[in-house]
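Numbering (our numbering), first residue to last: 1 to 787.
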Amino acid sequence: MIKTRKPTLTLLIVCIGFSTIYFAGSEEIENNTIHMINHITPAFLQDDKEWVEISIFCQCCPQPWGRDENIQSFFEERGITVYDITIRSRGGVCEACTCLSYEIKEILIDKKDKDKVSEILSELKAIEEKKFYEAEQLTTYLESLIRECENLGIDTEYKELLLSLSGSLPFLGNEEYKEAVDLCSIAVRSLEEKKKNFLKAKELEEKIENAEKEIKNSKGFLINTSEAESEIAKARNELEKHNFEEAQNHVEKALEDISRQKRLRNYMYLSAGAVVGIFIILTIYKRRGYKFLILLLLAIFVLIILSGVPFAKISDHAEIEPEDIPKTPGVSAVHWAVQKISTHVNNRETDDYFPQIATDASGNSYVVWHGSNRHGLVIYWVKIDSSGILGTIKEISTHEDNKMWYSSYPQIAVDPSGNSYVTWYGWDGHDKEIYWVKVDSSGVPGTVLKISTHEDNTEEDDYYPQIAVDAAGNSYVVWHGCDGNYEVYWVKIDSKGVPGAVLKISTHEDNKQRDDFNPQIAADASGNSYVTWRSIDGRSNGVYWVKIDSKGIPGSIVQISMHHAEYMEKTDYHPQIVADALGNSYVTWRGDDGHNKHIYWAKTDPKGIPGTILKISTHEDNTGKYNGDPQIAADAAGNSYVTWYGRNGPDLETYWVKIDSKGVPGTVLKISTHEDNIEGYDFNPQIAADAAGNSYVTWYGRNGPDLEIYWVKIDSKGVPGTVLKISTHEDNKGNDDRRPQIAVDHSGISHVVWWGYDGNDHEIYLSSIGVTQERFFGGFISFLFPV
1 MIKTRKPTLT LLIVCIGFST IYFAGSEEIE NNTIHMINHI TPAFLQDDKE WVEISIFCQC
61 CPQPWGRDEN IQSFFEERGI TVYDITIRSR GGVCEACTCL SYEIKEILID KKDKDKVSEI
121 LSELKAIEEK KFYEAEQLTT YLESLIRECE NLGIDTEYKE LLLSLSGSLP FLGNEEYKEA
181 VDLCSIAVRS LEEKKKNFLK AKELEEKIEN AEKEIKNSKG FLINTSEAES EIAKARNELE
241 KHNFEEAQNH VEKALEDISR QKRLRNYMYL SAGAVVGIFI ILTIYKRRGY KFLILLLLAI
301 FVLIILSGVP FAKISDHAEI EPEDIPKTPG VSAVHWAVQK ISTHVNNRET DDYFPQIATD
361 ASGNSYVVWH GSNRHGLVIY WVKIDSSGIL GTIKEISTHE DNKMWYSSYP QIAVDPSGNS
421 YVTWYGWDGH DKEIYWVKVD SSGVPGTVLK ISTHEDNTEE DDYYPQIAVD AAGNSYVVWH
481 GCDGNYEVYW VKIDSKGVPG AVLKISTHED NKQRDDFNPQ IAADASGNSY VTWRSIDGRS
541 NGVYWVKIDS KGIPGSIVQI SMHHAEYMEK TDYHPQIVAD ALGNSYVTWR GDDGHNKHIY
601 WAKTDPKGIP GTILKISTHE DNTGKYNGDP QIAADAAGNS YVTWYGRNGP DLETYWVKID
661 SKGVPGTVLK ISTHEDNIEG YDFNPQIAAD AAGNSYVTWY GRNGPDLEIY WVKIDSKGVP
721 GTVLKISTHE DNKGNDDRRP QIAVDHSGIS HVVWWGYDGN DHEIYLSSIG VTQERFFGGF
781 ISFLFPV
């Protein structure tokens with residue numbers, strides 16, 4: 001904008017301008033002259049008008065008003081008079097498509113209309129952002145679906161459609177966008193149907209083969225397999241016609257026939273044995289041969305044991321329904337059936353993503369995730385009691401300023417009494433804010449609070465909160481927000497739900513570029529909280545740490561990633577933190593030593609003094625020298641446990657190591673040793689530890705074309721057990737299970753939650769895993785007195 005300090009000169013130019021209009025009579029000259037007058041007229045002559053920026057995206061992105069010449073009519077239709085339009089500057093970076101053709105446009109309006117224009121622009125920006133989000137979700141899912149179908153050998157005719165729309169979908173006009181979305185939806189439904197049929201056929205083929213093996217093994221005394229073989233032949237015939245339901249019925253009939261004959265044979269054996277036994281007992285009784293009677297009873301007892309009948313038929317990790325646990329003899333803890341927990345009323349054909357889980361002292365678990373209702377993205381919460389019974393699902397993002405229905409990425413913490421505390425970020429109509437709510441032990445949500453109320457939160461976004469809670473029910477939240485630069489903020493909400501002052505804690509001296517991201521938090525029983533984050537300190541990325549005491553006073557900020565002094569262009573990312581009861585905190589992160597990416601670990605004592613930094617990714621098969629995504633847990637004795645994924649040749653594997661309370665690391669173990677680890681892609685490990693020093697790790701890995709969830713327990717001596725595939729739910733038709741999260745309760749039962757595809761949309765699943773114990777007497781009693 002041109003500014004002038006001489007009113008007399010301005011008035012002279014104004015007079016010349018109007019004279020030119022009067023004598024020339026040209027509309028073009030008139031418009032240009034008015035434009036010039038508006039820009040050179042100082043504020044005191046037009047104090048009722050103001051220039052307002054209206055640019056949302058660059059010129060290659062669709063503008064809500066269409067072509068530029070429509071700007072004036074667009075706003076005037078909404079009751080706003082536009083006196084002039086100008087371009088203030090060019091060449092910025094577009095926040096939508098990151099191109100460099102961003103132009104900042106301004107319109108001259110009445111000052112009284114400024115707030116109204118800001119509200120219109122905020123709504124338009126939210127609509128465009130939601131469009132970008134939906135487009136990204138749709139094209140990403142379509143791409144993954146095409147790739148999965150190709151891996152399965154299914155013909156896909158939509159690759160050209162994906163290539164033509166990938167990256168360009170959100171930039172289409174409204175009508176073109178709707179048509180493109182419809183085409184993508186048709187492609188998705190078609191591919192899902194093909195994939196569903198393929199996987200169903202594959203599943204039935206496996207069932208038929210297993211049934212044939214069962215028939216082959218059953219041929220023998222008192223078993224007639226002719227009817228079962230006939231049913232299997234019919235099943236194969238129906239499978240070729242893609243009549244899956246009929247094929248399934250024939251397989252079940254075949255197996256039922258074999259099972260019925262086996263039961264009948266066993267009853268005959270038992271009856272014959274009983275008759276013979278009674279005859280022998282009576283004979284011996286007449287002869288008073290008690291010694292022979294005892295020997296005979298012992299022999300019968302041994303035969304029953306060898307037959308396996310008296311035992312509860314529970315495998316090492318059997319699946320039974322939670323309500324059947326008390327009725328199952330000989331079982332103290334089991335891996336019960338996978339539960340779909342995203343069963344809320346809005347869940348018709350909408351997706352549910354990114355679950356988080358926590359447990360209380362009584363063994364109840366609490367899960368949050370973001371899903372959809374008829375408006376948009378919302379946050380859901382549910383409690384699963386210690387018996388595995390699912391409670392009522394609550395929609396908890398009910399704050400009044402939830403205008404754009406865009407609430408995402410919730411995090412949860414639970415206190416020993418069963419109160420849960422949830423935080424997330426959401427759109428309030430102007431920008432993204434951080435929200436918090438407490439759900440009491442009865443499952444009643446309190447008032448939702450906007451906690452990102454710091455002074456420099458003018459019109460900037462706040463993202464990705466993390467939460468911790470202490471024994472007294474005080475909760476602590478950190479996030480990164482923008483005051484013109486990205487900073488890390490912290491707030492304490494007391495046990496009554498009253499938030500304190502928001503603190504900017506990324507105040508370290510070398511915060512030159514003022515870019516601080518990815519904060520993580522832990523709290524101890526005394527109410528001290530410990531925060532770590534990544535910061536750009538001028539030339540490189542470093543990991544920083546600070547302790548905030550129980551009074552809310554932050555201590556000195558420490559840069560703990562000082563392991564590579566000679567390598568100045570250091571890059572340290574993704575810090576994770578955990579604290580023990582004594583006030584020691586343990587941080588792990590991924591760092592670059594100048595050659596390769598490794599996993600590092602450091603302990604900071606209660607006084608804030610960091611110890612020796614350890615490079616812990618020292619395993620022999622670390623050939624790819626690429627390690628990432630570390631996660632950490634600690635036990636009551638101050639031992640910490642770290643897991644991560646690393647490259648082993650062409651494969652990605654999951655690794656684990658224990659660092660004892662003295663800071664001495666043990667042997668690094670490769671724990672992704674499951675049988676179906678064919679291609680060797682195992683990532684996103686998560687870890688939890690119990691008070692006894694057992695640790696539990698879950699991750700998702702590739703099983704051929706499928707993505708499945710795996711789990712393993714490593715005992716206190718560092719010995720890993722059998723790796724289990726736990727994504728065994730019946731509706732696992734898409735074989736697309738991802739992003740598991742884990743929590744462990746006081747009994748050593750670990751609870752794993754993830755999102756997976758059920759054939760229609762993505763759902764949230766839960767499985768709880770313990771150690772099965774089979775006891776003879778329990779099984780024998782169940783044989784004699786079945787429930």
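Don't be surprised by glycine CBs; every beta carbon is placed ideally from N, CA and C.
{"Item": "Cβ-based burial, Y756 [other Cβ within 10 Å; buried from 16]", "Value": "Residue identity check: residue 756 is Gly in the sequence provided, not Tyr. Buried: at least 16 other Cβ atoms inside 10 Å."}
{"Item": "Span separating the alpha-carbon of A472 from that of V188", "Value": "49 Å"}
{"Item": "Range of the contiguous beta strand (DSSP E) that encloses L377", "Value": "377-384"}
{"Item": "Where the alpha helix (DSSP H) through N364 begins and ends", "Value": "Looking at the DSSP string, N364 is not in any alpha helix (DSSP H), and its letter there is neither H nor E."}
{"Item": "Limits of the alpha helix (DSSP H) - the one that A233 falls within", "Value": "226-240"}
{"Item": "Strand pairing of K195, partner residues [DSSP]", "Value": "Answer by DSSP bridge pairing: none, since K195 is not bridged."}
{"Item": "Residue from D761, H729, S768 with nearest C-alpha to K713", "Value": "S768"}
{"Item": "Where K216 sits in the DSSP three-state scheme", "Value": "helix"}
{"Item": "Environment of E53 [buried if 16+ CB atoms lie within 10 Å]", "Value": "exposed"}
{"Item": "Q741 versus A634: straight-line alpha-carbon distance, rounded", "Value": "16 Å"}
{"Item": "N627 vs W601 beta-carbon contact at 8 Å", "Value": "no"}
{"Item": "Closest by C-alpha distance to D352, when choosing among A358, A361, Y380, D360", "Value": "Y380"}
{"Item": "N-terminal and C-terminal residue of the alpha helix (DSSP H) that S73 is part of", "Value": "71-76"}
{"Item": "Range covered by the beta strand (DSSP E) that runs through I659", "Value": "651-659"}
{"Item": "Close-in-space but distant-in-sequence residues of the same chain around G500 (CB under 8 Å, 5 per side omitted)", "Value": "V491, K492, I493, D494, G552"}
{"Item": "Spatial distance of C482 from K112 (CA atoms)", "Value": "28 Å"}
{"Item": "Helix, strand or coil at S767 [DSSP, three-state]", "Value": "strand"}
{"Item": "Selection from G646, S661, D593 that minimises the alpha carbon distance to T604", "Value": "S661"}
{"Item": "Closest by C-alpha distance to Y435, when choosing among G443, G426, S441", "Value": "G426"}
{"Item": "Own chain, CB closer than 6 Å to E231, minus 5 neighbours either side, in chain order", "Value": "H250, K253, A254"}
{"Item": "Check whether P519 and V502 have beta carbons under 8 Å apart", "Value": "no"}
{"Item": "Range covered by the beta strand (DSSP E) that runs through Y435", "Value": "432-439"}
{"Item": "Coarse secondary structure for I87, derived from DSSP in three states", "Value": "strand"}
{"Item": "Three-state secondary structure (DSSP) of T698", "Value": "strand"}
{"Item": "Environment of V275 [buried if 16+ CB atoms lie within 10 Å]", "Value": "exposed"}
{"Item": "Beta-carbon contacts of N703 that lie in its chain and below 6 Å, excluding the five residues immediately before and after", "Value": "D676"}
{"Item": "Backbone secondary structure at S259 - three-state DSSP", "Value": "helix"}
{"Item": "For G25, the three-state DSSP class (helix, strand or coil)", "Value": "The predicted model places G25 with a pLDDT of 47, which falls under 50 and marks its position as unreliable, so this point remains unresolved."}
{"Item": "Beta-ladder partner(s) of D736, from DSSP", "Value": "L707"}
{"Item": "Local Cβ density within 10 Å of G649, reported as buried at 16 or more and exposed below that", "Value": "exposed"}
{"Item": "Simplified DSSP state of H751, which is helix, strand or coil", "Value": "strand"}
{"Item": "Cβ shell of A689 (< 6 Å), same chain only, five flanking positions each side left out", "Value": "A633, D635, Y641, S695"}
{"Item": "Contact check, K116 vs I71, beta carbons under 8 Å", "Value": "no"}
{"Item": "Within the stretch 442-509, ranges of the beta strand (DSSP E) (whole runs, at least 3 residues)", "Value": "462-469, 475-482, 486-493"}
{"Item": "I278 burial status per 10 Å Cβ neighbour count (16 or more: buried)", "Value": "exposed"}
{"Item": "Option nearest E719 by Cα separation, candidates D415, W656, Y710, D758", "Value": "Checking the displayed sequence, the identity of residue 719 turns out to be Val instead of Glu. When only C-alpha atoms are compared, the closest one is W656."}
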